[in-house]
Amino acid sequence: MRGLRVGDTVRVCGSDRLMQLMAVEDRGDRAPAFVVFIRPLGGGVEHMCPMTDIEPVCEHEQLAMHPDGKRCSECGALIYARRIRGR
Numbered sequence: 004m005r006g007l008r009v010g011d012t013v014r015v016c017g018s019d020r021l022m023q024l025m026a027v028e029d030r031g032d033r034a035p036a037f038v039v040f041i042r043p044l045g046g047g048v049e050h051m052c053p054m055t056d057i058e059p060v061c062e063h064e065q066l067a068m069h070p071d072g073k074r075c076s077e078c079g080a081l082i083y084a085r086r087i088r089g090r
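For the sequence shown, position 16 matches number 19 in our numbering, and the numbering has no gaps at all.
Written out as structure tokens, the structure reads:
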């Protein structure tokens, strides 16, 4: 798996539901060592799971501008949300 970054679009393995990676935490001596915090795209309740339970949606090689930000040309995943001024 490629290196994941906060903000990447991911999915829980075996699921079609798209999620946004919010944070990665290194728990050091605990198992699992790495956990991630994810939430549904578009908002919703954030939850935690082992890093091994998520996978990237795609490699996001080609990005295109859309009204809401940059999206992957292949899968349509929102990669970089456009900032709303005044927030």
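Even for Gly, the Cβ is constructed at its ideal location relative to N, Cα and C.
Same chain, Cβ closer than 8 Å to residue i, neighbours up to 5 away in sequence not counted
i   : result
R42 : M22, Q23, M25, V48, E49 and H50
D29 : A36 and F37
G17 : none
R20 : R14 and P43
C52 : V15, V38, V39 and I41
Distance CB(residue i)-CB(residue j) smaller than 8 Å
i   : j   : result
A84 : S76 : no
Per DSSP, cross-strand counterpart(s) of residue i
i   : result
V9  : None, per the DSSP bridge assignment.
D29 : F37
M22 : V13 and P43
A80 : DSSP, once it has assigned bridges, lists no residue as partnering A80.
Cβ-based neighbour list, residue i, same chain, cut-off 7 Å, excluding 5 preceding and 5 following
i   : result
I82 : T12, H63, L66, K73, R74 and C75
Same chain only: Cβ atoms within 6 Å of residue i, ignoring 5 sequence neighbours per side
i   : result
G45 : none
A80 : T12 and V60
Hey, which unbroken runs of the beta strand (DSSP E) at 3 residues or more fall wholly within the segment 54-78?
57-59, 66-69 and 72-75
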